[in-house]
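The sequence shown begins at 79 in this note's numbering and counts up one residue at a time.
Even glycine gets a Cβ: it sits at the ideal position worked out from N, Cα and C.
To start, the structure under review is shown below, and the notes come after it.
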Amino acid sequence: MSTAVLAEELAARLPRRVRLDVPFGDLSTYRVGGPVAVLARVTNTAELEGLAEVVARHRPPILVVGRGSNLLVGDGGFAGVAVVLEGEFESVELPAPDAEPAVRAGGAVPLPVLARRAADAGIAGLEFFVGIPGSVGGAVRMNAGGHGRETVDVLRTAAIVDLLADGAARSARRSVEQLDLGYRHSNVSASDVVVSAEFDGSRDDPAACAARVAEIVRWRREHQPGGANAGSVFRNPPGDSAGRLIDASGLKGLRVGGAIVSQKHANFFQADAGATAADVARLVTEVQRRVADATGVQLVPELLMVGNGFDGS
Ligand SMILES: Cc1cc2nc3c(=O)[nH]c(=O)nc-3n(C[C@H](O)[C@H](O)[C@H](O)COP(=O)(O)OP(=O)(O)OC[C@H]3O[C@@H](n4cnc5c(N)ncnc54)[C@H](O)[C@@H]3O)c2cc1C
Numbered sequence: 079m080s081t082a083v084l085a086e087e088l089a090a091r092l093p094r095r096v097r098l099d100v101p102f103g104d105l106s107t108y109r110v111g112g113p114v115a116v117l118a119r120v121t122n123t124a125e126l127e128g129l130a131e132v133v134a135r136h137r138p139p140i141l142v143v144g145r146g147s148n149l150l151v152g153d154g155g156f157a158g159v160a161v162v163l164e165g166e167f168e169s170v171e172l173p174a175p176d177a178e179p180a181v182r183a184g185g186a187v188p189l190p191v192l193a194r195r196a197a198d199a200g201i202a203g204l205e206f207f208v209g210i211p212g213s214v215g216g217a218v219r220m221n222a223g224g225h226g227r228e229t230v231d232v233l234r235t236a237a238i239v240d241l242l243a244d245g246a247a248r249s250a251r252r253s254v255e256q257l258d259l260g261y262r263h264s265n266v267s268a269s270d271v272v273v274s275a276e277f278d279g280s281r282d283d284p285a286a287c288a289a290r291v292a293e294i295v296r297w298r299r300e301h302q303p304g305g306a307n308a309g310s311v312f313r314n315p316p317g318d319s320a321g322r323l324i325d326a327s328g329l330k331g332l333r334v335g336g337a338i339v340s341q342k343h344a345n346f347f348q349a350d351a352g353a354t355a356a357d358v359a360r361l362v363t364e365v366q367r368r369v370a371d372a373t374g375v376q377l378v379p380e381l382l383m384v385g386n387g388f389d390g391s
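So, in structure tokens, the structure goes:
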């Protein structure tokens, strides 16, 4: 791929929306990582179509970025096209008071915004999203969950644009069954862009919804650290919790360079100012090794690590 030609064609389709060599730290909650070669910010369906036509021809590596709250890009950066949704993809459509309590949200809507807007409208069931600092697209891709619920429990359909598909096959609506959602899993591929999703709720008193939202916010503040992190680093093994295993292995406070295992929640790793993605990645490997030695359990990362620089590349 010639990045220069690709970037030029994209810039012609998306004036003022394409930038080169953008530090990934600006796009993620870890605030680390090297540059993405091409960053395209897309504000509406026509722009996404234009992007898809160029991308389908050049077929570069693609990284759709939501709130960057589950992503670690290596210090060597990402040598492809990163796509960020904005504008029309940030809208929430609430039902009329007498209509069925379904909410439609664009792929870029922050999950806490979705939770609060639904609660204000007296639509119950989406409160758990207030504690997850991702986007609607990221939630569908990851089947994000917490407080006893997962995206699969409330999702009805997702509208998806496959950037590498041709013409008519590019846009499709997948039902929740067709998305193959499991524990932090879906069949949303790297070239799929979730542009919107529909969620089912139920009617309730807005004050009762707001109280549940407030309780989740309170619980998160009490149990989870702030600062630069990406939530749970490892998936919970069947019947156990990764945080418990890390804590039981005596690893709270373990540090590699600027990355440290949180004292507040052992499955959260924090990146200090000046930390690198390699620091975080090395801490992930070190914790994995020590937990395996201490408990015999091989932890599997939930954090998605992409791009170059993890292996010296
Ligand atoms: C403090 C903190 C607490 C957290 N707590 C939880 C929790 O309780 N439960 C939980 O499940 N997760 C939690 N997370 C992790 C994270 O918020 C979720 O995984 C979330 O779903 C990621 O959404 P995102 O928009 O940030 O996705 P990103 O991190 O940007 O991307 C994650 C994946 O989704 C893809 N993606 C993003 N947007 C789209 C889109 N529009 N279309 C297609 N693919 C897309 C990306 O390509 C990537 O593969 C937490 C993170 C933090 C920082």
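- When Glu86, Arg194 and Leu241 are compared against Ala134, the one with the closest alpha-carbon: One-based indexing of the sequence shown puts residue 134 at position 56. For the residues Glu86, Arg194 and Leu241, the minimum Cα distance to Ala134 belongs to Leu241.
- Message: Counting C-beta neighbours from all protein chains within 10 Å, is the total for Asp244 16 or more, i.e. buried, or is it exposed?
- Response: If you number the sequence shown from 1, residue 244 lands on position 166. Exposed, because fewer than 16 other Cβ atoms sit within 10 Å of the Cβ of Asp244.
- Give a single yes or no on whether Asn345 has its beta carbon closer than 7 Å to a heavy atom of ligand 1. Here the question's residue 345 lines up with position 267 in the sequence shown. Outside the cutoff, so no.
- Message: Taking 7 Å as the limit between beta carbons, can you name the residues of its chain near Pro303, skipping five residues before and five after?
- Response: The count along the sequence shown starts at 1 and reaches residue 303 at position 225. Excluding sequence neighbours, Pro303 sits near Ser340, Lys342, His343, Phe346 and Gln348.
- For Leu192, which of Thr121, Thr123 and Gly212 has the nearest alpha-carbon? Taking the sequence shown and counting its residues from 1, one reaches residue 192 at position 114. The shortest C-alpha to C-alpha distance from Leu192 to any of Thr121, Thr123 and Gly212 is the one to Gly212.
- What are the boundary residues of the alpha helix (DSSP H) that includes Ile210? Taking the first residue of the sequence shown as 1, we reach residue 210 at position 132. Here Ile210 belongs to no alpha helix (DSSP H), and DSSP marks it neither H nor E.
- Task: Kindly list the residues whose CB is nearer than 8 Å to the CB of Arg251, restricted to its own chain and excluding five residues on each side of it in sequence; keep chain order.
- Result: For the purposes of this step, residue 251 is identified with residue 173 of the sequence shown, where counting begins at 1. In its chain, beyond the 5 residues on either side, Thr235, Ala236, Ala237 and Ile238 have a beta carbon closer than 8 Å to the beta carbon of Arg251.
- Thr354 by DSSP, collapsed to three states: which one? For this step, residue 354 is matched to residue 276 along the sequence shown. Note: Thr354 maps to coil in three-state DSSP.
- Message: Which residue wins for smallest C-alpha separation from Glu364, given the options Asp350, Gly352, Ala337 and Pro284?
- Response: As a position in the sequence shown, residue 364 is number 286, starting the count at 1. Checked all of Asp350, Gly352, Ala337 and Pro284; the closest Cα to Glu364 is Ala337.
- In the structure shown, what three-state DSSP assignment does Pro379 receive? Position 301 of the sequence shown, counted from the start, is the residue given in the question as residue 379. Looking at Pro379 - three-state DSSP - the assignment turns out to be strand.
- For the alpha helix (DSSP H) that Arg252 lies in, which residues bound it at each end? Residue numbering aside, residue 252 sits at position 174 when the sequence shown is read from its first letter. Element bounds for Arg252: not the alpha helix (DSSP H) but the beta strand (DSSP E), Ser249 to Ser253.
- In the structure shown, what three-state DSSP assignment does Phe388 receive? Along the sequence shown, one-based indexing puts residue 388 at 310. Reduced to three states, the DSSP call for Phe388 is coil.
- Is Val379 near ligand 1, going by C-beta to nearest heavy atom under 7 Å? Residue mapping note: residue 379 aligns to position 301 of the sequence shown, counting from 1. Checking the sequence shown, residue 379 turns out to be Pro, not Val. Not so, every heavy atom of ligand 1 lies at least 7 Å from the Cβ.
- Item | Best match in Pro113, Ala353, Val378 and Ala199 for proximity to Gln366 [C-alpha to C-alpha] | Mapped onto the sequence shown, residue 366 falls at position 288. For Gln366, the nearest C-alpha among the options comes from Val378.
- Query: Around the C-beta of Leu98, are 16 or more other C-beta atoms found within 10 angstroms, so that it is buried, or is it exposed?
  - Reply: The residue you call residue 98 lines up with position 20 of the sequence shown. Leu98 comes out exposed.
- Item | Inter-residue Cα distance where the pair is Thr107 and Tyr261 | As a first step, residue 107 must be located in the sequence shown, where it is residue number 29. As a first step, residue 261 must be located in the sequence shown, where it is residue number 183. When rounded, the distance between both Cα atoms is 22 Å.
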